[in-house]
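Here's the structure, in structure tokens; my notes come after.
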Amino acid sequence: MGLFDEIVSGALKGVMGQAEQSLLPGLLSQLLANTNLGSVGGLLQQLQQGGLGGQVASWLGNGANHAISPDQLRSALGNEELQQMAQSAGLPIDKLLAMLSQQLPQTVDKMSPNGSLQEPEESEDAASDNAAGGSLADQAGLGNVGR
């Protein structure tokens, strides 16, 4: 691959990554709507109660976002919530935890530009489309990930 090809490929990956990042808050909200947590706010509250208040505060604040590991998420969320989330996402729990640990800090940071969480509002049409369209993984074309 030539230098020009590498530059174009890198630019396309950057644009694709930005597009995927902009979809994450909505996808996360849809995923959590089908669980006992109910919303991103519910997820953050569960993480805080599970001893991860420092990480959550860093994502909501203006400083650096603290990392979170899949094991920390597993411990803080518990088995019931993880099973609900994995079922809603159509992914195995380990794959879901890996994705959340990578994406949750930046996603929450983007959802809280002024230090308070701003969750996307879901229209009734989107909710009915989600119910009729299968899991979020299937809707996003990720239905076979980890299988």
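Per the numbering used here, the very first residue in the sequence shown carries number 34; after that it's consecutive.
We put the CB at the ideal spot given by N, CA and C, even for glycine.
Remember, it's a predicted structure, so these values are computed and weren't measured experimentally.
With DSSP collapsed to three states, give me the class of SER145.
-> coil
Identify, in the order they occur along the chain, each residue of the same chain with its Cβ nearer than 6 Å to the Cβ of VAL141, setting aside the five sequence neighbours on each side.
-> TRP92
Taking only the alpha-carbon atoms, compute the straight-line gap between LEU70 and GLU114 and give it to the nearest angstrom.
-> 7 Å
Touch test, the segment 129-136 against the segment 99-116, Cβ-Cβ under 8 Å, three pairs minimum | yes
Please report how far the alpha carbon of PRO58 lies from the alpha carbon of VAL89, in whole angstroms.
-> 15 Å
Exposed unless 16 or more other CB atoms sit within 10 angstroms - verdict on GLN151 | Counting of Cβ neighbours within 10 angstroms places GLN151 among the exposed residues, the total staying below 16.
Status (buried if at least 16 other CB within 10 Å, exposed otherwise) for GLU97 | Here the sequence assigns Ala to residue 97, which means Glu is not the residue at that position. Classification of ALA97: exposed, given that the 10 Å Cβ count is below 16.
Can you tell me whether DSSP reads PRO125 as helix, strand or coil?
-> coil
How many angstroms separate the CA atom of LEU137 from the CA atom of GLY74?
-> 12 Å
Pairwise C-alpha distance: ASN147 and SER134 = 23 Å
Can you grab the Cα-Cα spacing for the pair SER145 / GLY111, in whole Å?
-> Rounded to the nearest whole angstrom, the CA to CA distance from SER145 to GLY111 is 25 Å.
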